[in-house]
Amino acid sequence: MGKILLAVLLLAVLAFGIWFYRLGGPAQLDLADRWYWGKGDSAQPMVETDIAYGSGDDPRQRYDVYHPANADGMESDCEGRRYPTLIFFHGGSWRDGDKNSYAFVGRAFAEQGFYVVVADYRKSPQWRFPSFVEDAARVIADVHRNPGRCADPSRLYLIGHSAGAHIAMLATLDRKWLRAEGLDPSILAGVIGLAGPYDFYPFTSDAARIALGQWPKPNDTQPIQFARGDAPPLLLLTGDADTTVKPRNSERLMAKVESLRGVVVKKLYPGIGHSGIIMAISRPFRSLAPVVKDVVDFTQTGNI
Numbered sequence: 121m122g123k124i125l126l127a128v129l130l131l132a133v134l135a136f137g138i139w140f141y142r143l144g145g146p147a148q149l150d151l152a153d154r155w156y157w158g159k160g161d162s163a164q165p166m167v168e169t170d171i172a173y174g175s176g177d178d179p180r181q182r183y184d185v186y187h188p189a190n191a192d193g194m195e196s197d198c199e200g201r202r203y204p205t206l207i208f209f210h211g212g213s214w215r216d217g218d219k220n221s222y223a224f225v226g227r228a229f230a231e232q233g234f235y236v237v238v239a240d241y242r243k244s245p246q247w248r249f250p251s252f253v254e255d256a257a258r259v260i261a262d263v264h265r266n267p268g269r270c271a272d273p274s275r276l277y278l279i280g281h282s283a284g285a286h287i288a289m290l291a292t293l294d295r296k297w298l299r300a301e302g303l304d305p306s307i308l309a310g311v312i313g314l315a316g317p318y319d320f321y322p323f324t325s326d327a328a329r330i331a332l333g334q335w336p337k338p339n340d341t342q343p344i345q346f347a348r349g350d351a352p353p354l355l356l357l358t359g360d361a362d363t364t365v366k367p368r369n370s371e372r373l374m375a376k377v378e379s380l381r382g383v384v385v386k387k388l389y390p391g392i393g394h395s396g397i398i399m400a401i402s403r404p405f406r407s408l409a410p411v412v413k414d415v416v417d418f419t420q421t422g423n424i
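Heads up: the sequence shown begins at 121 in my numbering, then just goes up one per residue.
In structure tokens, the structure reads:
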């Protein structure tokens, strides 16, 4: 009987291990965040899911909204509070990932007092540049025109990781994307890039060539080409152990913006690689780097 029980237990552990492995990195981070013992009794944010934007024809044109844990939602009194809004664009080489796997980002910043929008967007190879940047502009326009009841319209921030940082930065620096939605980038209070590629032409990866390489004007795909002194304040976070999107991307963008007298802050995390910077938002891995704190400090003071 004992041997049978042990065999069943081992099979269950093996099955769980296989299932957990197949979830993929971001979904694993989300599960770890949900199950983390240090979560305590903190109130959970209210979540609205699958809000369509743009034409809404593609199932990827959806976003979720995480309300601050101490805000009672859209139907109750704000008690004099106004919360900033943070729109997050996930990474995945312009081809992988989905908003559901990044729920931990929504929870992390909602607990810090943000309305958090976790957005999905159309991806390659079915959709190529500039489809995902157009989608980002549409998300921004939709959130700007339909803010949370307790949201502060003057504090709308973008944040993205990897390809998501590229998308957020390009949608901000190249004015034409938001102008196509009848808006100006001045509606944004700031943009936070986590390990973003901003100056990476000529393309060296198959993912970049597939997603961006068919565009006849490669410079149009590079955020650094649109650096300007009057852009919203930028926070560039990266790790010195990142071999996927090297820190020089952030260094070059910072130098260009500073040369134009723009506002930009950069921080280099020692020992942090490309995945580590997004891991640090998930509750069990917050000790890796103070990403959450630095984002909050930047939105509150303009510095870290």
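We treat Cβ as the ideally placed atom computed from N, Cα and C, and that holds for glycine.
Can the beta-carbon of residue i be found closer than 8 Å to that of residue j?
{"i": "aspartate 240", "j": "tyrosine 183", "result": "yes"}
{"i": "alanine 361", "j": "glycine 391", "result": "yes"}
{"i": "glutamine 164", "j": "alanine 147", "result": "no"}
{"i": "leucine 373", "j": "tyrosine 321", "result": "no"}
{"i": "alanine 257", "j": "alanine 288", "result": "no"}
{"i": "leucine 355", "j": "valine 377", "result": "no"}
{"i": "serine 244", "j": "arginine 215", "result": "yes"}
{"i": "proline 352", "j": "histidine 286", "result": "no"}
{"i": "alanine 389", "j": "alanine 409", "result": "At residue 389 the sequence reads tyrosine, which differs from the alanine that was named. Yes, these two residues count as a Cβ contact at 8 Å."}
{"i": "isoleucine 397", "j": "valine 411", "result": "yes"}
{"i": "glycine 211", "j": "serine 274", "result": "no"}
Determine the burial state of residue i: buried for a count of at least 16 other Cβ atoms within 10 Å of its Cβ, exposed for fewer.
{"i": "aspartate 294", "result": "buried"}
{"i": "serine 221", "result": "buried"}
{"i": "threonine 363", "result": "exposed"}
{"i": "arginine 201", "result": "exposed"}
{"i": "glutamine 181", "result": "buried"}
{"i": "threonine 292", "result": "buried"}
{"i": "glutamate 254", "result": "buried"}
{"i": "serine 175", "result": "exposed"}
{"i": "glycine 349", "result": "exposed"}
{"i": "lysine 219", "result": "buried"}
{"i": "alanine 172", "result": "exposed"}
{"i": "glutamate 231", "result": "buried"}
{"i": "aspartate 324", "result": "In the sequence as displayed, the identity of residue 324 is threonine instead of aspartate. By the neighbour-count rule (16 or more Cβ atoms within 10 Å), threonine 324 is not buried but exposed."}
{"i": "serine 407", "result": "exposed"}
{"i": "tryptophan 139", "result": "Bear in mind that the predicted position of tryptophan 139 carries a pLDDT of just 29, short of 50, making it unreliable; the figure below should be weighed with that in mind. Per the 10 Å Cβ criterion, exposed."}
{"i": "glycine 302", "result": "exposed"}
{"i": "asparagine 266", "result": "exposed"}
{"i": "tryptophan 157", "result": "exposed"}
{"i": "proline 204", "result": "buried"}
{"i": "tryptophan 297", "result": "buried"}
My guess is that residue i and residue j are in contact by the Cβ rule of under 8 Å, so how many angstroms apart are they, rounded?
{"i": "leucine 276", "j": "isoleucine 312", "result": "In fact, because the Cβ distance is near 12 Å, the residues do not count as touching under 8 Å."}
{"i": "glycine 284", "j": "phenylalanine 418", "result": "At roughly 17 Å, the Cβ-Cβ gap does not stay under 8 Å, so glycine 284 and phenylalanine 418 are not in contact."}
{"i": "alanine 223", "j": "aspartate 272", "result": "Not quite, the Cβ-Cβ distance comes to about 24 Å (not below 8 Å), so this is no contact."}
{"i": "glycine 268", "j": "tyrosine 235", "result": "4 Å"}
{"i": "valine 237", "j": "glycine 316", "result": "Not quite, the Cβ-Cβ distance comes to about 18 Å (not below 8 Å), so this is no contact."}
DSSP has residue i in a bridge; who is on the other side?
{"i": "phenylalanine 209", "result": "Ala239, Gly280"}
{"i": "valine 167", "result": "Tyr186"}
{"i": "tyrosine 203", "result": "Ala271"}
{"i": "alanine 172", "result": "Arg182"}
Inset, instruction - Quick one: which unbroken alpha helix (DSSP H) runs of 4-plus residues sit fully inside the stretch 337–411? Chain order, please. - result: 368–379, 396–399
Legend entry - beta strand (DSSP E) runs wholly inside the stretch 255–334, at least 3 long, in chain order: 271–281, 310–314
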